[in-house]
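S.K.: Sharing a structure here in structure tokens format.
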Amino acid sequence: MSPIPNHILEFIQSNHVVNFAAHHNDDFWAASCFYAFDEENTRLIILTSKKTKHAQLMLENPNVVGTICGQIEEIKDIEGIQFSAIANCLTEQESPQALQIYYKKHPLARLKPSDVWELSFNTIKHTDNKVMFAKKTIWERE
């Protein structure tokens with residue numbers, strides 16, 4: 044797998060909320076979750092109950108798309124990513140390592156246990172108008 048460029052890594056690491064959409068057949072749902080980035084495994088770790096609508100859809104169809112972006116006020120300051128990923132609800136054996144990463148970024152999450160998920164990136168498109176207007180970088184898992 045080719046490494047994610049440093050400027051994209053820095054952007055993902057400097058944020059904490061992911062917006063994504065799940066679907067199955069004709070049913071769609073969007074969600075926003077806090078995340079922690081696991082650079083070694085090229086994935087976002089999120090906590091969400093299997094009972095939520097988006098989780099139910101991800102259990103039926105793990106293909107998701109999403110964005111991470113700041114709340115900027117001027118077009119010249121736009122920076123963000125669009126991505127496609129595979130969602131996977133982690134098993135009890137897989138969860139501890141992921142939770143260690145998640146709790147390091149979001150320690151208060153320990154107060155409310157939840158199901159642990161990974162969103163493993165397939166494709167990332169990074170846009171950064173601060174460098175050059177409409178500057179795009181695309182990364183793909185090989």
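Be aware that the sequence shown starts at 44, since it is given in this note's numbering, and climbs by one per residue.
In this text, a Cβ means the ideal position worked out from N, Cα and C, and glycines have one as well.
Given the structure is predicted, the values throughout are model-derived calculations rather than measurements.
With DSSP collapsed to three states, give me the class of Gln56.
M.R.: Gln56: helix per DSSP, three-state reduction.
S.K.: Would you report the Cα separation of Gln99 and Phe126, rounded to the nearest angstrom?
M.R.: Taking the straight line joining both Cα atoms gives about 20 angstroms.
S.K.: Measuring alpha carbon to alpha carbon, tell me which of Ala73, Phe80, Ala64, Thr85 ends up nearest Met44.
M.R.: Of Ala73, Phe80, Ala64, Thr85, the residue nearest in Cα terms is Thr85.
S.K.: How would you label His97, buried or exposed, when you count the other beta carbons within 10 angstroms and need 16 or more for buried?
M.R.: It counts as buried.
S.K.: Could you give the first and the last residue of the continuous alpha helix (DSSP H) run that contains Ala98?
M.R.: Where Ala98 is concerned, the enclosing alpha helix (DSSP H) stretches over 96-103.
S.K.: Note down the Cα distance separating Glu103 from Val159, rounded to an integer number of angstroms.
M.R.: Each residue's alpha carbon lies about 17 angstroms from the other.
S.K.: Terminal residues of the continuous alpha helix (DSSP H) containing Leu142?
M.R.: Per DSSP, Leu142 belongs to the alpha helix (DSSP H) from 138-148.
S.K.: In three-state terms, what does DSSP make of Arg184?
M.R.: Three-state result, Arg184: coil.
S.K.: In the DSSP output, what is Gln114 paired with across the bridge?
M.R.: The partner list for Gln114 (beta bridge, DSSP) is empty, contrary to what the question assumes.
S.K.: What residue does the beta strand (DSSP E) around Thr134 start on, and which one ends it?
M.R.: Looking at the DSSP string, Thr134 is not in any beta strand (DSSP E), and its letter there is neither H nor E.
S.K.: State the start and end residues of the unbroken beta strand (DSSP E) segment that holds Asn165.
M.R.: Residues 159-171.
S.K.: Whose C-alpha, out of Ile124, Ala130, Asp69, Thr180, is nearest the C-alpha of Gln114?
M.R.: That would be Ile124, whose Cα lies nearest to the Cα of Gln114.
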